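Peer 1: Could you have a look at this structure, given as structure tokens, before my questions?
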Amino acid sequence: MSKRKRKKREAVNFDVLQQIQPHAAGIDVGAEEVYVCVPPGRDEEQIRQFATFTSDLHELAAWLVGCGVETVAMESTGVYWVPLFDILESHGLEVCLVNARHLKNVAGRKSDVADCEWLYQLHTYGLLRGSFHPPDEIRTLRVLARQREMLVRYRSAHIQHMQKALEQMNLKLNYVLSDITGVTGMAIIRDILAGEHNPERLAQHRNQRCKYSEEEIAKALTGNYRREQLFTLGQAVALYDHYGQQIAAVDVELAKLYATMDPPDDSLPSTRPPQPRRSKPRKNQANFDLATSLYQISGVDLTQIDGIDALTAQVILTEVGHDVRKWPTVKHFTSWLGLCPNNAITGGKVKRRGRKKTDSRVTAALRVAAQSLARSQAALGAFYRRIKTRHGAPKANVATAHKLARIIYYMLKQRVDYQDPGAEQYDEQQRQRAVRRLQKQAAKLGFTVQPALSAHA
254 MSKRKRKKRE
264 AVNFDVLQQI
274 QPHAAGIDVG
284 AEEVYVCVPP
294 GRDEEQIRQF
304 ATFTSDLHEL
314 AAWLVGCGVE
324 TVAMESTGVY
334 WVPLFDILES
344 HGLEVCLVNA
354 RHLKNVAGRK
364 SDVADCEWLY
374 QLHTYGLLRG
384 SFHPPDEIRT
394 LRVLARQREM
404 LVRYRSAHIQ
414 HMQKALEQMN
424 LKLNYVLSDI
434 TGVTGMAIIR
444 DILAGEHNPE
454 RLAQHRNQRC
464 KYSEEEIAKA
474 LTGNYRREQL
484 FTLGQAVALY
494 DHYGQQIAAV
504 DVELAKLYAT
514 MDPPDDSLPS
524 TRPPQPRRSK
534 PRKNQANFDL
544 ATSLYQISGV
554 DLTQIDGIDA
564 LTAQVILTEV
574 GHDVRKWPTV
584 KHFTSWLGLC
594 PNNAITGGKV
604 KRRGRKKTDS
614 RVTAALRVAA
624 QSLARSQAAL
634 GAFYRRIKTR
644 HGAPKANVAT
654 AHKLARIIYY
664 MLKQRVDYQD
674 PGAEQYDEQQ
684 RQRAVRRLQK
694 QAAKLGFTVQ
704 PALSAHA
């Protein structure tokens, strides 16, 4: 049996490995202390230890500047790196923030001293890849956007507490209302807490758009009221209202920040392009015109893309920013998001397939957006259904999220609008491709393909 020919690869000559960043330093960050390693000969102590108080961090930065250090590498350990990162930047130092998953030390004893020295060595030879870190104004928006997401999650937990208390009193409100936190549901719950337990009177809060009649709602509201469950229901409602107020406060602060930011291009129009009619907006929308604010800071309207609403666009722009030149190509961008194959190849064989693990909020948002396209009549919806038919829903979700990421990248890079060709045009394009593929295969076998109508004629 003949062996397959392997491509010749030249071995790496480690003898010519040179220091490309001679003025580098490495920092091992901890909760209570920081270890710093600078190039030899810059100070009597090559490795120093500092406390993590603000004055000590300023002393650390001043010492690095005095040692002639220009660039620093450190791991993104928890949130301990955040204040040190800001202080180092304020002293004019370039900071290379490294994902701890991408670092591997040699076998041996692990210590903080060894870690900072290892970071210094790798950074000196240019072997570290810094994590993406957006500009300061985007980081400010990101903090508030993440805070808002957290508050929405907390408020959702108290909705579950409300449902649990109602269910334990056998009040089947969630069976007759699609959303117990809607106008009708909250009016009924607040009336119950006020002492009204008559089901007929409670059912009078029914909105005309409700699917069920007053009689059916009254039947669902005939329950077994208990004092302790009413107490827990009241606390859940109070906490739900409290988080709603905090979300509104975050929206006010976000609106102020958006108003202070400059557009990326003064030649862009100040108003958004006309919007196609969409389905009703999802819950937890912002209390201001978020889509317009995002358009003004980015120059493109990402909500033109099917499946992307204002909140999803906010996640994308507050995590990535509007300048995607950090990623040279769209392939770099989708790889960073973990939306492309990450095959492990050993001995010329693929040992493991799949995507790389990522906790990116953008990736999660795009996958949720992709899932919402299952019944869409847009071209993206047709694409999702085609992939789902061939490979199943999970792969269709990833493939559609990948396509969304590509569209977003080109929109932000080229400052162009998105034009949806529609599901019918997309299906016709796929049909024409299938016809050309069949014609090509038939030609190889010496046959020709004719349309069915022509054959009958």
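For the sequence shown, the numbering used here gives the first residue as 254, with consecutive numbering after it.
Think of the CB as a built atom: it goes at the ideal place given N, C-alpha and C, for glycine as much as any other residue.
No experiment lies behind these values; they were computed from the predicted model shown.
Measure the Cβ-Cβ separation of residue 504 and residue 544 and say whether it is below 8 Å.
Peer 2: No, they are not a contact pair.
Peer 1: Quick check on this structure: which residue in 364, 310, 356 and 554 has the alpha carbon closest to the alpha carbon of residue 343?
Peer 2: Cα-wise, what sits closest to residue 343 is 310.
Peer 1: From residue 516 to residue 546, what distance separates their C-alpha atoms?
Peer 2: Looking at the two C-alpha atoms, the distance is approximately 10 Å.
Peer 1: For residue 494, which option in 554, 442, 672 and 671 has the closest C-alpha, if you only look at C-alpha atoms?
Peer 2: Looking at the Cα atoms, 442 is the closest of the given residues.
Peer 1: By the 10 Å Cβ neighbour count, where 16 or more other Cβ atoms means buried, how is residue 572 classified, buried or exposed?
Peer 2: Flag for residue 572 reads buried.
Peer 1: In angstroms, rounded to a whole number, what distance separates the CA positions of residue 475 and residue 455?
Peer 2: Those two C-alpha atoms are separated by around 10 Å.
Peer 1: Assess contact between the stretch 645-664 and the stretch 617-627, defined as three or more Cβ pairs (one per stretch) separated by less than 8 Å. Is contact present?
Peer 2: Result yes; three or more Cβ-Cβ pairs closer than 8 Å.
Peer 1: Between the Cα of residue 724 and the Cα atoms of 508, 682 and 301, which residue gives the shortest distance?
Peer 2: Any property of residue 724 remains undetermined from this structure, which presents the chain solely from 254 to 710.
Peer 1: Since residue 506 is in the beta strand (DSSP E), which residue starts that stretch and which ends it?
Peer 2: First-last for residue 506: 480-513, but that is the alpha helix (DSSP H), not the beta strand (DSSP E).
Peer 1: Alpha carbon to alpha carbon, what distance is there between residue 643 and residue 635?
Peer 2: Going from the Cα of residue 635 to the Cα of residue 643 covers about 13 Å.
Peer 1: Which residue comes first and which comes last in the alpha helix (DSSP H) that contains residue 676?
Peer 2: Run containing residue 676: 676-697, per the alpha helix (DSSP H) assignment.
Peer 1: Go ahead and label residue 395 buried or exposed: buried means 16 or more other beta carbons lie within 10 angstroms of its beta carbon, across all protein chains shown.
Peer 2: Classification for residue 395: buried.
Peer 1: Which residues does DSSP pair with residue 327 in a beta bridge?
Peer 2: 280 and 350, per the DSSP bridge assignment.
Peer 1: Taking the DSSP output, what are the residues bridged to residue 561?
Peer 2: For residue 561, which the question treats as bridged, DSSP gives no partner whatsoever.
Peer 1: If you draw a straight line from the C-alpha of residue 281 to the C-alpha of residue 578, how long is it?
Peer 2: Roughly 30 Å between the two C-alpha positions.
Peer 1: What do you get for residue 645, buried or exposed, if any count of 16 or more other CB atoms within 10 angstroms of its CB means buried?
Peer 2: So residue 645 ends up on the exposed side.
Peer 1: Relative to the C-alpha of residue 489, which residue among 418, 471, 426 and 470 is closest?
Peer 2: The shortest C-alpha separation from residue 489 is found at 418.
Peer 1: To the nearest angstrom, how far is it from the Cα of residue 590 to the Cα of residue 614?
Peer 2: Approximately 9 Å between the Cα atoms of the pair.
Peer 1: Could you give the DSSP three-state label for residue 258: helix, strand or coil?
Peer 2: In this predicted model, residue 258 has a pLDDT of only 49, less than 50, meaning its place in the structure is not dependable; the value taken from the coordinates is given anyway. If DSSP states are grouped into helix, strand and coil, residue 258 belongs with coil.
Peer 1: What residues in its chain sit with their C-beta under 6 Å from that of residue 568, if we drop five residues either side in the sequence?
Peer 2: So the qualifying residues of the chain are 614 and 618.
Peer 1: Determine the contact status of residue 676 and residue 624, defining contact as a CB-CB distance below 8 Å.
Peer 2: Cβ atoms of residue 676 and residue 624: not closer than 8 Å.
Peer 1: My output table needs one value for residue 631: the three-state DSSP class, helix, strand or coil.
Peer 2: Correct three-state label for residue 631: coil.
Peer 1: Alpha carbons only, please: which of 385, 399 and 364 is nearest the one belonging to residue 585?
Peer 2: Answer by Cα proximity: 385.
Peer 1: Would residue 265 be called buried (16 or more neighbouring beta carbons within 10 Å of its own) or exposed?
Peer 2: Legend: pLDDT at residue 265 = 48, less than 50; position of this residue unreliable, value from coordinates given subsequently. Exposed: under 16 other Cβ atoms inside 10 Å.
Peer 1: What is the rounded straight-line gap between the Cα of residue 285 and the Cα of residue 307?
Peer 2: Approximately 12 Å between the Cα atoms of the pair.
Peer 1: For residue 691, does the count of other Cβ atoms within 10 angstroms reach 16, so buried, or fall short, so exposed?
Peer 2: Residue 691 comes out exposed.
Peer 1: Is the Cβ-Cβ distance between residue 648 and residue 660 less than 8 Å?
Peer 2: No.
Peer 1: Looking at residue 426 and the ligand COA, is the gap between the Cβ and the nearest heavy atom below 7 Å?
Peer 2: As for the ligand COA, it is missing from this structure, which has no ligand bound.
Peer 1: Would you list the one or two residues that DSSP bridges to residue 468?
Peer 2: Residue 468 pairs with nothing; no bridge assigned.
Peer 1: By Cβ distance below 8 Å, which residues in the same chain neighbour residue 708 in space, the five residues on each side in sequence not counted?
Peer 2: In this prediction, residue 708 scores a pLDDT of 44, lower than 50, which makes its location untrustworthy; the coordinate-derived value is nonetheless stated afterwards. No residues qualify anywhere along the chain.
Peer 1: Rounded to whole angstroms, what's the CA-CA distance from residue 426 to residue 507? Just pull it up for me.
Peer 2: Using only the alpha carbons, I get a separation of about 35 Å.
Peer 1: At what residue ranges does the stretch 370-438 contain a whole run of the beta strand (DSSP E), taking only runs of 3 or more?
Peer 2: With a minimum length of 3 residues, no continuous beta strand (DSSP E) run stays inside the stretch 370-438.
Peer 1: Kindly list the residues whose CB is nearer than 6 Å to the CB of residue 303, restricted to its own chain and excluding five residues on each side of it in sequence; keep chain order.
Peer 2: Result list for residue 303: 287, 309 and 313, in chain order.
Peer 1: What residue range does the alpha helix (DSSP H) around residue 659 cover?
Peer 2: Counting along the chain, the alpha helix (DSSP H) containing residue 659 begins and ends at 646-667.
Peer 1: Going by beta-carbon coordinates alone, are residue 673 and residue 562 separated by less than 8 Å?
Peer 2: Result no, Cβ atoms of residue 673 and residue 562 do not sit closer than 8 Å.
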